[in-house]
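Residue numbers (the working numbering): 19 to 209. So the structure is just underneath, and the comments pick up after that.
Here it is, written out as structure tokens:
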């Protein structure tokens, strides 16, 4: 990865959330952004999510869901673990926008609500979102890279991160982790 997506700071994440709160479709845009961040999804995976993927039989958000081969990069399915924070966000979103059909895309689009977004339009959405928030270098890959870096900063091993990110090679995961001065300061204090 020669040109890496920007890793967002806590202040930049707050800036994005504050911005989307003032715009049309605030609930959807907040849920999409936080799903990408907390679940560390690729844009293709987020665009492909359906209500049936994330809801259990009682209409509650699952603690984990399965991405099929068709929904993922490299056509290899995998499990996505859903944090309590993300479960609350998605439950709030689903209450605001209940499914007409479980086969509908989770995140509606204005033009074709049940068909939702495709990868390209979602990439463009994130490009414009970060630009409008004044975040240089932000892209649709920034939430995923930010989530992985934040977990690494908290001491999660690269092997666990590889599994969460669903990377075939650990070297790919290592490229996602942005090393910063704060991480280095914490590290030297452990000696």
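Beta carbons are placed, not taken as given, at the ideal position from N, Cα and C, and that holds for glycine.
If we ignore side chains and look at the alpha-carbon of each, how far apart do residue i and residue j end up?
i, j, result
"residue 141", "residue 206", "38 Å"
"residue 186", "residue 83", "19 Å"
"residue 91", "residue 130", "24 Å"
"residue 157", "residue 150", "12 Å"
"residue 97", "residue 88", "14 Å"
"residue 72", "residue 79", "6 Å"
"residue 35", "residue 162", "16 Å"
"residue 19", "residue 179", "With a pLDDT of 43 at residue 19, under the threshold of 50, the modelled position of that residue is not reliable, and the figure given next carries that caveat. In a straight line, the C-alpha of residue 19 is about 17 Å away from that of residue 179."
"residue 144", "residue 76", "32 Å"
"residue 173", "residue 105", "23 Å"
"residue 107", "residue 171", "23 Å"
"residue 40", "residue 111", "16 Å"
Which residues in the same chain have their Cβ closer than 7 Å to the Cβ of residue i, if we skip the five residues on either side of it in sequence?
i, result
"residue 121", "68, 70"
"residue 86", "95"
"residue 30", "153"
Within 7 Å: the Cβ of residue i and any heavy atom of the ligand MN?
i, result
"residue 147", "In the structure on display, the ligand MN does not appear, and there are no ligands present to speak of."
Kindly list the residues whose CB is nearer than 8 Å to the CB of residue i, restricted to its own chain and excluding five residues on each side of it in sequence; keep chain order.
i, result
"residue 209", "none"
"residue 44", "38"
"residue 127", "133, 134, 135, 139"
With a CB to CB cut of under 6 Å and the five nearest residues on each side skipped, what residues in its chain are close to residue i?
i, result
"residue 99", "82"
"residue 26", "160, 164"
"residue 137", "61, 62, 65"
"residue 109", "79"
Between which two residues does the alpha helix (DSSP H) containing residue i stretch?
i, result
"residue 69", "69–72"
"residue 47", "44–57"
"residue 146", "137–150"
"residue 161", "160–171"
"residue 197", "Careful: residue 197 lies outside any alpha helix (DSSP H) and carries neither H nor E."
"residue 105", "102–114"
"residue 31", "28–39"
"residue 176", "176–183"
DSSP has residue i in a bridge; who is on the other side?
i, result
"residue 96", "85"
"residue 79", "73"
"residue 123", "68"
Assuming residue i contacts residue j under a Cβ cut-off of 8 Å, what Cβ separation, rounded to an integer in Å, is found between them?
i, j, result
"residue 200", "residue 191", "Between residue 191 and residue 200 the Cβ distance is about 20 Å, and since that is not below 8 Å, they are no contact."
"residue 123", "residue 134", "3 Å"
"residue 56", "residue 103", "6 Å"
"residue 166", "residue 58", "6 Å"
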